[in-house]
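Accompanying notes for the structure given below.
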Amino acid sequence: MSERNDVAYLVLEDGSVYPGIRFGSHSNAEGEVVFTTSMNGYVESLSDPSYKGQILAITHPLVGNYGVPEKIRRNGILTNFESEMIQVSGLILGEITHGSEWNSEKSLERWLDDENVPGISGIDTRALALHIREKGTMAGIISSSKEFNKVRNYESINFVEMVSIKQPLIYENKGPKIAVIDYGLKEGILECIYSMGYSIVRLPHDATEEQVLSYNPKGIVLTNGPGNPLLLSRETENVAKLMEHNIPVLGICLGHQLVAMASGMEIRKMGFGHRAINKGVMELHTGKCMITTHNHGYAVFGDVPDGVEISHVSLDDRTIEGMTIKRHNVITAQFHPEARPGTKDGFRIFELFDYAVKGFIGGKR
Amino acid sequence: MEKDKKNKVLLIGSGGIKVAEAAEFDYSGSQALRALRDSGIKSIVLNPNVATVQTSYTMADSVYILPISSEYIKRVIEKEKPDAILPGFGGQTALSACLELWDEGFLQAKGVEFFGTSPDGIKNALGRADFQRLMRKLKIPVPPSFGVRSAEEGIDAAKRLGFPVMCRVSFNLGGRGSFVAHSLEEFESSISRAFAQSGTGEALVEKYLSGWKELEYEVMRDKEGNTAIIACLENLDPMGTHTGESVVVAPAQTLDNYVYQEMRSMAIRVAESISLIGECNVQFALNPNSYEFFVIETNPRMSRSSALASKVTGYPIAYVAAKLALGCRLHELQNEISRSTSAYFEPSLDYIAIKMPRWDNKKFEMAEDSVGSEMKSIGEVMSIGRNFEESLQKAVRMLDIGEEGVISTNEAIKAMSKGEAVSALRTRKPYWFLYAAKAFEEGAGVEEIHDATGINAFFLEKIKNLVGKYAEFCNLKEDKKKEIVEFMLGLGFSEKQLGYKGPGQKAKHIDTLAGEWPSDANYMYLTRNAILDEAEKQDGKDSVLFLGAGCFRIGVSVEFDYATVMAASAAKKLGKSVVMLNCNPETVSTDWNFSKILLFDRVGAESVISISKSFGVNDAVVFTAGQIGNNISEELHGSGINILGSGHKAIESAENRKLFSNIINELGIKEPEWESVASVSEAVNFAARAGYPLMVRPSFVLSGSSMGIVKNEDELRRKVLGIEKRYMHKPVVISKFISDAEEADLDCATDGKSIIGVPLFHIEEAGIHSGDSTMQAFPTESKEAKDREHVVEKMKRIAESLVERLRIRGPFNLQFAIKDEVPYVIELNLRASRSMPFSSKATGTEILDYAMKGCLYNFDWDGFYNPKLKAYGIKSPQFSWAQIKGAYPCLGAEMKSTGEVASFDKDIDAALLKSWISAQPNRMPQKGALVYGNGASTETLERELEDRTSLKLYSLEGFEASRGAETLSEKEALNFLRDKTIDIVFTDGHIPEKDYSVRRACADFNVPMVLNSRLGLGLAKALGAKTDANELKDYW
């Protein structure tokens, strides 16, 4: 229960108003309102760049129970945050709590205060989730007034360029180099690649074919990222070119969608997206199932071109969850194998990538 | 989808309800039976617990009401020739019995497949030392520990580990025998009892992780290794408190993603290591000051926590586990709630669920009243809300212990100082939250209460906040109070507590996916923290709201769940749609699959009225809700709810002794002379008039709380004073006690005119609580029935005149004391009774079915219909003496048993023997019988034992000398009990000053006790009987 009695409203594009109590920054928030059903892992979620431009509602009613830890960096990679800062433009909760565990540095509310991000609590987040489920994702604002002011169209904004790094960054390790193209990456991806012994060169979203190849990478990772993939024609072209070199490519989430577009497949916006850490996905050629993390508002649809194989599907609605393009050494996952938050089941994807990279190195020699 | 199709599968139940094995296994067993049926497989169930739903033909194709022992399981297998056995759905009892048959090679020889996790996997999980070895081999962290096989080894291990240590016992349940020792002395005093409770003579001594968090992961795994975690439950009580004794919250609240996932991965590795097929729980201890954690144990079977996890999430764990045992793969199954997504997922919760245990320690003389590593609680509730405070306070109300929330109204607690409250917390009194709230009220800080309890500050802060908010509220002026009533209700305070009504509660779905997908099932709860009401108006004409009995306690158990399910099934058959209200996660009635709408909420007037309004259901059945139903009937009637069956006036006439007395006097029915007295002197005056012995009890109580028989003025004075003290000067009822009377029950259903009824006769004399008595149903043509023909006729006439006079409809139960062929009415209960499942199964006529019909229609006969019986039916009480540590085992007017079992046979002795053996820890004695304290019966008893058995007879020093028996000193007797030289004890009466240690030793060393001479005589005669093992229907 917030002690402050600062009334605020969540106002949706369709005119629905949810009164609540403000916390965090006093400024207004605007963005696309989405919900996640993940019951913990709020530190990771809030710092996930894929949420850029979105106001996040968490359906579990209590959030903040274990506070926010100090950032821990190992080999230059954040191990307990997905990026340096809060990425969501606003937070919608049932109740913000002020819990503190042994490793807490501050409370969740303090974190939002510090980073000037507004939040609203006292919301029936289930009612909101049902509303979005039925009406689809829509824009919304957190404000002190019940009026809905027109906000910029989420789909028209290129968020990737806002969150991607500007200059290449090297993470030295004992193994060969992997190029990680940062469209708004989660640090978890870096950690997974690094943990397999690889050195990493992290490149901006608009890195050209030449720039990437100049590092002589033994593998390329196309990361997750925010916003509308259809705006990323330049990136798509680059991906198409890179694929021609048959260097092993791993596409994750947005990276998966870029590979799909580069292969001529269709991307469509989903009704309300998949944002959860509890989803069953099947690896088709083995029948092996895993519980995976999802965070995407767009998905790959339509006909599968020759040479592209669907490797993973969602057990719930048969959404395409992964592809392989054997001739180009490409594997992709719509879900997040790095999880954070989420299970470690998906790590298998990195192992497959590792296998491909080792094979590539062996073949080259 | 399923491996080579099986045609017939045998499922073993868990027997009588006892502490740590309750109705959760009826629930899981019933789901498994449904899974078998859905797969087109014939099911056979073996379970002596006659009060279960699974032993009715609604779920199973064949039913065997028989003891769970290898002898009887073998007989059933020989006869039915099943293809496979399902051992994982009847608790530890079933699992151990099936493993025994496997180890003998019997199952293999008969070609009966062992379904689910393999015997090797189970042994690796349940053998404490084997499990530790396996975990260490796989580099899965376990606490420092040693497996030990003797007291000496144990002491050595404890010394090496350093105190405090925790001792755990292999192959048992409810943590029986386990203990925490802070010193060598403590260790030595408990270790031998620990070994006595182990199925395999093995224990584990481990470092005690004091103050660590305790967590439980529920793991589901198929034959191909696809694994999902259904729930993670966080215990509020730290390590050292048995999970059955803990307040539990779901989902886990204080874990961050990192440690949650680390433990999740580890739980999956544990499941892999035992090649789990189906479901197991994995318990963890987590250091509250780091990410360090240990795996504590795993249970590769359905458990209390799996039932709870099912109810917490809506995921039908037992159903899916049964399908996995049949060879299905997880992803092939559907999420039964959404009906569109896969069963392979991990539920997400958008609410807070809290499980809270209910203890009845005070009902047991001399019982330890503290919470520890052994389970003692009798029941549990689960509450669901949209914040922690709401769920917590709702749970407290659901316990039905007279509290409205964490702020106690109990005079003793209210009077406590801070020091006293903290000391109650340190000594681990049950219901710690009441003391914590009191301590906060008296100025304690969170840190101080955390020190005393080890409970995470996160939860304590919330309780402290409640205390503060309540104090603020109480200090407000009336108009200001009104302004924040809604806010206070949102924190879980009740309207009654605040003295104000608020806006109605709202209903929300539990859909396993936090709203992400539409749900096909109507599994719902009520909350005050919502704007959207998901309640949908029902067709008022065709819908009936059924009230379950809520929390189990002494006197309310699975029999009321049975009644609820049976009555609701009958209503369904009559074209009604069922809206169910209950808050007990152990029950079949709270399987959402059963009802059109399931409301998991408190069984109380506030919620019933709210549901009636928002769902538009006006007809309610309260006779299934035990005493709660009767208590709220008037309030419901006042709110315009139509109660099906006996109306609130009839209920009041039966419940109010004075009214009832007037009515039966008017009708010329006899009852023992009685009076309600307000003082000791009034009591003494009544005694002078009526003469001793007398029965003394407080007015308005359940299951004979504080009831007792007094033989002289001294005892009378003490008893009356005692009741006045405990019940704060409520009137005391004193009645003439009819010595040596036979007690009888009449279980009936009526349409308001015609009656169907079954007479039952007790073996124990009147004065022993009917719940603790051995009940008999006699075949119509038997000598026993013929002998009682006249008296039964009189009982029927009494029933008829009461039905007419009180306008009874639906089920009712009449209790009589019979002396010289005169039936004296002791009690009339206008609700389902404890014995109705038994009387129904003895006759093959479902009383509850008729009860429901009688509420809605007229029967097609006139007068009193007494169904014919072909076989003897005998129902025996199941006690939990071993679990209720320190309690003095004895029978009396106050109920002590926790459950019941029954048996049927063509021969009365055989029926008694089978029924008695069905209750744990009873078994056929092989060596010696200790006989003492049976008064005049001693000699006959000994003669019977000599004639029919080869048992060596012993008697106890200080009791009447007996013929051929060897007299033992107390010390010798204790030794003989410990080493099982004596394997049965026959005694009677209430003589704790002489035999407390002997009776307690029996309990602690699992030696069967017969605590009543009449039962002793009957049993002695029955010990050599030749039993049959037929299907239930064959006895009809």
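Heads up: the sequence lines are chains X and Z, in that order. Its first residue numbered 1, the first sequence is counted upward by one per residue in the numbering used here. Its first residue numbered 366, the second sequence is counted upward by one per residue in the numbering used here. Quick reminder that beta carbons are idealized off the backbone N, C-alpha and C, glycines included. Since we're looking at a predicted model, the values are computed, not measured.
* DSSP bridge partner residues for K1317 (chain Z) (one or two, in chain order) -> Z:G1293
* Asked: Mind checking whether E338 (chain X) and I189 (chain X) have CB atoms under 7 Å apart?
  -> yes
* Does G297 (chain X) get closer than 7 Å to chain Z when you measure Cβ to Cβ? -> no
* Top-ranked residue by Cα proximity to F23 (chain X), from X:N153, X:R110, X:E235 and X:S50 -> X:R110
* **Where the region 64-80 of chain X meets chain Z: residues whose CB sits under 8 Å from a CB there** => N65, Y66, P69 and N80
* **chain X contact for N840 (chain Z) (CB, 7 Å cutoff)** => no
* Measure the C-alpha to C-alpha separation of Q1285 (chain Z) and F1244 (chain Z) and round it to an integer number of angstroms. => 8 Å
* Members of the region 208-240 of chain X near chain Z, C-beta cut-off 8 Å -> none
* Asked: H696 (chain Z) versus chain X: which residues are under 7 Å apart at the beta carbon?
  -> G280, M282, C289 and L315
* Let me know the beta strand (DSSP E) ranges lying completely inside the region 59-121 of chain X, each 3 residues or longer, listed in chain order. => 90-92, 104-106 and 118-121
* **Buried or exposed by the 16-neighbour rule on C-beta atoms within 10 Å, applied to R762 (chain Z)** => buried
* To do: Decide if K720 (chain Z) is buried, meaning its Cβ has at least 16 other Cβ atoms within 10 Å, or exposed.
  => buried
* Can you find at least 3 beta carbon pairs, one from the region 751-765 of chain Z and one from the region 777-790 of chain Z, that sit closer than 8 Å? -> no
* **Neighbour-count burial assignment, L474 (chain Z), 16 or more Cβ in a 10 Å radius** => As written in the sequence, residue 474 (chain Z) is Ala, which differs from the Leu given in the question. With fewer than 16 Cβ atoms within 10 Å of its Cβ, A474 (chain Z) is classed as exposed.
* **Contact set between L62 (chain X) and chain Z, taken where Cβ atoms lie within less than 8 Å** => Q618, I717, N752 and F753
* To do: For V7 (chain X), count neighbouring Cβ atoms within 10 angstroms of its own Cβ and tell me buried if that reaches 16, exposed if not.
  => exposed
* Asked: If we count the other Cβ atoms within 10 Å of its Cβ and call it buried at 16 or more, is K1261 (chain Z) buried or exposed?
  -> buried
* To do: Label V624 (chain Z) either buried or exposed according to how many other C-beta atoms from any shown protein chain fall within 10 Å of its C-beta, with 16 as the threshold for buried.
  => buried
* Asked: Going by Cα to Cα distance, which pick from X:G362, X:I181 and X:I123 is closest to S16 (chain X)?
  -> X:I123
* To do: Identify, in the order they occur along the chain, each residue of the same chain with its Cβ nearer than 6 Å to the Cβ of K1240 (chain Z), setting aside the five sequence neighbours on each side.
  => M1140, F1203, E1265 and A1267
* the region 797-827 of chain Z: which residues have C-beta closer than 8 Å to a C-beta of chain X, in chain order? -> A822, F823 and E826
* Hey, would you say K218 (chain X) sits closer than 7 Å to D48 (chain X), going by beta carbons? -> no
* With DSSP collapsed to three states, give me the class of H1155 (chain Z). => helix
* To do: Measure from the C-beta of L897 (chain Z) to each C-beta in chain X and report whether the shortest distance is under 7 Å.
  => yes
* Asked: Within 7 Å (strictly less), CB to CB, does E711 (chain Z) reach chain X?
  -> yes
* **Reference M39 (chain X), options X:G31, X:I58, X:N295 and X:N28, closest by Cα** => X:I58
* Counting pairs of beta carbons, one from the region 703-721 of chain Z and one from the region 779-793 of chain Z, are three or more of them closer than 8 Å? -> no
* From Z:C916, Z:V923, Z:D984 and Z:T952, pick the residue whose C-alpha is nearest to that of V943 (chain Z); which is it? -> Z:D984
* Over what stretch of residues does the alpha helix (DSSP H) that includes G1003 (chain Z) continue unbroken? -> G991 to G1003
* Asked: With 7 Å set as the bound, which would you pick, yes or no: does the beta-carbon of M39 (chain X) sit closer than that to a beta-carbon of chain Z?
  -> yes
* Taking 7 Å as the CB-CB cut-off, is M366 (chain Z) touching chain X? -> Its pLDDT being 48, under 50, M366 (chain Z) is placed unreliably by the model, and the measurement read from it follows with that caveat. Closer than 7 Å: no.
* Asked: What's the C-alpha gap between I320 (chain X) and I277 (chain X)?
  -> 17 Å
* Output the residue ranges of the alpha helix (DSSP H) runs that lie fully inside the region 120-158 of chain X and measure 4 residues or longer, sorted by chain position. => 125-135
* May I have the straight-line CA-CA distance separating I1173 (chain Z) from G1117 (chain Z), to the nearest angstrom? => 6 Å
* Thinking C-beta only, is K861 (chain Z) closer than 7 Å to A895 (chain Z)? -> no
* Under 7 Å between C-beta atoms, does K344 (chain X) make it to chain Z? -> yes
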